[in-house]
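Under the working numbering, think of the first position of the sequence shown as -13, with each following residue one higher.
Here a beta-carbon is modelled for each residue, glycine too, at the ideal position from N, C-alpha and C.
Structure first, commentary second.
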Amino acid sequence: MTVTIVGAQLGDEGKGGIVDLFGEPADVVARYQGGDNAGHTVVRDGQEYKLSLVPSGAVRGKVGVLGNGCVVNPRTLFDELDTLRERGLDPAVRVARRAHVVFPYHRALDGIEEAAKSDEGQEVGTTGRGIGPAYEDKAGRRGVRIADLTEPGTLRNRLEYVVPQKRALAETVFGVDAGERFDLETLYEEYREYGERLKREGMLVDSGAFLADRIDAGDDVLLEGAQGTVLDIDHGNYPYVTSSHPTAGGAATGTGLAPGVVGEEVVGVVKAYLSRVGGGPMPTELGGVTGDTPGYTEGEGPDEGVATRIREAGGEYGTVTGRPRRVGWLDLPMVRHAARTSGFTGLAVNHVDTLAGFDEIQVAEAYRLDGERVETLPATASEWAACEPVYRTFDGWADTDWAAVAREGYDALPAPARTYLGYVSDEVSVPLYAVGIGPGREDSVVLEHPL
Ligand code: IMP
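Right under this line is the structure:
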């Protein structure tokens, strides 16, 4: 069978830990979208592994698949694989022949366009990994797929068509010196070699057929979403989104498995509060982050002290970029939207330990927009920015012996934390499957295991 793990918020919900927890009995872990913009941290035997492309299950001896919906930067892929090997692991990774390739010119253009947008205050705050430009080329039918790297003639033809266009875009439209990242011969030689290596190491698959065969043979497959619902290009807060589909529908199109197959069990991962990297509205934001929070002046946001405390306690700094994340109270209209969009069958709520020690915890149970009560996410960024949170206040919970809670189970959680969790689950009508109370997979309470 399958279980799909989806971020219910804005990424960084702690999906890596839940993938690790629920993926334990799985044989295969597949990613279905995104690329090296993702950042997941897996803790194994006290060792921390920070990955951005290799599926986190590969640290645990599972087969990791990068599905056709992913955009793959081969430099990052091989850097990560080489580092894992140096640390004594032997990760088995397969890459879909239909996945698209991220080239250095994609990264360059990501930065160039963000800089141009920032002149108008319109930057998205991307991770700078070239993700948007790579998906643009995929949709524009001028992309290079992973399988093309193994056919030198095809690779050369495609690069001959696309590279001069990209160079002209950089130089003529944006007025930036293009440089080596747009040099056809250098790119051709380097990427042809990646194709050789992918072939030599037996990494290439048709992801749909590969996964379906494994399921038919009785294997359990976990589908690992990157980013989160509100970063989905359709269901997110456009244009402050990534360029793929982190929601459960993406698990079907991004692997080649049918919707009914990937929809069997869909676990929505929720952080007990909210964090955001990059620009865009965030109605429940506390404090602010210079450069990301619209109109923010350092030290003058609401509840700066609460923000700093959550940011420090939760380690809210980007895995990929290291930049401070924006933080805020849990936003239920967002979680309702996520539950509907992906058809969550279970919830995993993380970072319950991070909120310990506050006298009171707030949750936005709804918004007020133009005098009306709104219970789900509005379609446009401007409407969302105009939403005022309607807060419900809960008693906080004291710091506790979380290791003991992990051993003893749900009833050992502080009573106010159980009240809070029960409320969230009831509001979105989705049962609670797990509660995260620390970084490792042992730091969790499991109420129901989907596999
Ligand atoms: P991109 O995916 O690099 O194009 O960035 C688009 C938006 O998605 C930006 O707001 C990023 O901060 C955000 N984003 C991309 N990947 C992640 C992630 O793994 N966690 C959180 N935010 C992300």
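Query - Inter-residue Cα distance where the pair is residue 330 and residue 203 - result: To locate residue 330, count along the sequence shown from 1; it is residue 344. To locate residue 203, count along the sequence shown from 1; it is residue 217. Their Cα atoms are separated by approximately 26 Å.
Query - Nearest-angstrom Cβ-Cβ length linking residue 259 and residue 313, presumed shorter than 8 Å - result: Residue mapping note: residue 259 aligns to position 273 of the sequence shown, counting from 1. Residue mapping note: residue 313 aligns to position 327 of the sequence shown, counting from 1. Indeed they touch by this definition, with Cβ atoms about 6 Å apart.
Requested in this report: Could you tell me whether the Cβ atoms of residue -3 and residue 217 are closer together than 7 Å?
Outcome: By 1-based counting over the sequence shown, the position of residue -3 is 11. By 1-based counting over the sequence shown, the position of residue 217 is 231. Yes, these two residues count as a Cβ contact at 7 Å.
Query raised in the report: Got a sec: does the ligand IMP put a non-hydrogen atom nearer than 6 Å to the Cβ of residue 276?
Result: As a position in the sequence shown, residue 276 is number 290, starting the count at 1. Not so, every heavy atom of the ligand IMP lies at least 6 Å from the Cβ.
Query raised in the report: Within 6 Å: the Cβ of residue 213 and any heavy atom of the ligand IMP?
Result: Indexing the sequence shown from 1 puts residue 213 at position 227. Yes, the ligand IMP has a heavy atom inside 6 Å of this Cβ.
Requested in this report: Might you give, ordered along the chain, the residues of its own chain that have their beta carbon closer than 6 Å to the beta carbon of residue 334, omitting 5 neighbours on each side?
Outcome: Here residue 334 refers to the residue found at position 348 of the sequence shown. Taken in chain order, the residues that qualify are 4, 253, 255, 419, 420.
Query - Which residues DSSP lists as bridging residue 375, in chain order - result: Indexing the sequence shown from 1 puts residue 375 at position 389. Answer by DSSP bridge pairing, in chain order: 353.
Query raised in the report: Measuring CA to CA, which of 148, 272, 276, 280 is closest to residue 266?
Result: Sequence index remark: in the sequence shown, residue 266 carries index 280 (1-based). That would be 280, whose Cα lies nearest to the Cα of residue 266.
Query raised in the report: Is the beta carbon of residue 363 less than 7 Å from the beta carbon of residue 337?
Result: The sequence position of residue 363 within the sequence shown is 377, counting from 1. The sequence position of residue 337 within the sequence shown is 351, counting from 1. Cβ distance not < 7 Å, so residue 363 and residue 337 don't count as in contact.
Report task. Look at the Cβ atom of residue 410, then the Cβ atom of residue 234, and state whether they are nearer than 7 Å. Result -> By one-based count along the sequence shown, residue 410 stands at place 424. By one-based count along the sequence shown, residue 234 stands at place 248. No; because the gap between Cβ atoms is not below 7 Å, this pair is not in contact.
Report task. Less than 8 Å between the CB atoms is what I'm expecting for residue 228 and residue 327, so what's the real figure, rounded? Result -> Numbered from 1 along the sequence shown, position 242 holds the residue referred to as residue 228. Numbered from 1 along the sequence shown, position 341 holds the residue referred to as residue 327. At roughly 15 Å, the Cβ-Cβ gap does not stay under 8 Å, so residue 228 and residue 327 are not in contact.
Query - Inside the region 17 to 92 only - beta strand (DSSP E) runs reaching at least 3 residues - result: 26 to 30, 33 to 37, 49 to 52, 78 to 82
Query - Nearest residue (CA-CA) to residue 237, options 186, 10, 53 - result: Counting from 1 along the sequence shown, the entry for residue 237 is found at position 251. Residue 237 has its Cα closest to that of 53, out of 186, 10, 53.
**Report entry** Beta-carbon gap between residue 39 and residue 66 smaller than 7 Å
**Finding:** The count along the sequence shown starts at 1 and reaches residue 39 at position 53. The count along the sequence shown starts at 1 and reaches residue 66 at position 80. In contact: residue 39 and residue 66 (Cβ atoms closer than 7 Å).
Query raised in the report: Which two residues bound the contiguous alpha helix (DSSP H) that contains residue 401?
Result: Indexing the sequence shown from 1 puts residue 401 at position 415. Note, residue 401: alpha helix (DSSP H), 401 to 414.
**Report entry** CA-to-CA distance, residue 92 to residue 148, given in whole angstroms
**Finding:** Looking up residue 148 in the sequence shown gives position 162. Looking up residue 92 in the sequence shown gives position 106. Residue 148 and residue 92: Cα-Cα distance of roughly 11 Å.
**Report entry** Beta bridge counterpart(s) of residue 348 as assigned by DSSP
**Finding:** In the sequence shown, the residue the question calls residue 348 occupies position 362. DSSP output for residue 348 lists 379 as bridge partner(s).
Query raised in the report: Enumerated in chain order, which unbroken segments of the beta strand (DSSP E) with a length of 3 residues or greater are wholly contained in the region 136 to 186?
Result: none
Query raised in the report: Where residue 433 and residue 396 are concerned, what is the direct C-alpha to C-alpha distance, given to the nearest angstrom?
Result: Looking up residue 433 in the sequence shown gives position 447. Looking up residue 396 in the sequence shown gives position 410. Each residue's Cα considered, the two are about 7 Å apart.
Requested in this report: With DSSP as the reference, label residue 289 as helix, strand or coil.
Outcome: What you label residue 289 is simply residue 303 of the sequence shown in a count that begins at 1. Of the three classes helix, strand and coil, the one that applies to residue 289 here is coil, per DSSP.
Query raised in the report: Is the beta carbon of residue 359 sitting closer than 7 Å to the one on residue 367?
Result: Position 373 of the sequence shown, counted from the start, is the residue given in the question as residue 359. Position 381 of the sequence shown, counted from the start, is the residue given in the question as residue 367. Cβ distance not < 7 Å, so residue 359 and residue 367 don't count as in contact.
Requested in this report: Please name the residue in 195, 332, 145 whose C-alpha comes closest to that of residue 88.
Outcome: Here the question's residue 88 lines up with position 102 in the sequence shown. When only C-alpha atoms are compared, the closest one is 145.
**Report entry** Whole-number beta carbon distance between residue 346 and residue 381, since they are thought to touch under 8 Å
**Finding:** The residue labelled residue 381 in the question sits at position 395 within the sequence shown. The residue labelled residue 346 in the question sits at position 360 within the sequence shown. With 8 Å as the limit, residue 381 and residue 346 qualify as a contact, their Cβ atoms being about 7 Å apart.
Query raised in the report: When you compare only the Cα positions, how much space is there between residue 101 and residue 171?
Result: Taking the first residue of the sequence shown as position 1, residue 101 is located at position 115. Taking the first residue of the sequence shown as position 1, residue 171 is located at position 185. So the alpha carbons of these two residues sit roughly 27 Å apart.
Query raised in the report: At which residues does the alpha helix (DSSP H) containing residue 239 begin and terminate?
Result: Walking along the sequence shown from the start, residue 239 turns up at place 253. Residues 234 to 239.
Query - DSSP-derived helix/strand/coil call for residue 312 - result: Here residue 312 refers to the residue found at position 326 of the sequence shown. Here residue 312 sits in strand by DSSP.
Report task. For residue -7, name the three-state secondary structure that DSSP assigns. Result -> As a first step, residue -7 must be located in the sequence shown, where it is residue number 7. Strand at residue -7.
Query raised in the report: Using 8 Å as the threshold, is the region 174 to 186 in touch with the region 135 to 142, meaning 3 or more CB pairs across them?
Result: yes
Query raised in the report: Taking 6 Å as the cut-off, is the CB of residue 23 close to at least one heavy atom of the ligand IMP?
Result: Residue 23 sits at position 37 when you count from the first residue of the sequence shown. For the ligand IMP, at least one heavy atom lies less than 6 Å from the Cβ of residue 23.
Query - Identity of the residues DSSP links to residue 254 by a beta bridge - result: What you label residue 254 is simply residue 268 of the sequence shown in a count that begins at 1. In the DSSP output, where bridge partners are listed per residue, residue 254 has -8, 333.
Query - Sequence-distant residues of the same chain with beta carbon closer than 6 Å to residue 263, five excluded per side - result: As a first step, residue 263 must be located in the sequence shown, where it is residue number 277. If we look at residue 263 and ignore the five residues flanking it on each side, its Cβ neighbours are 304, 311.
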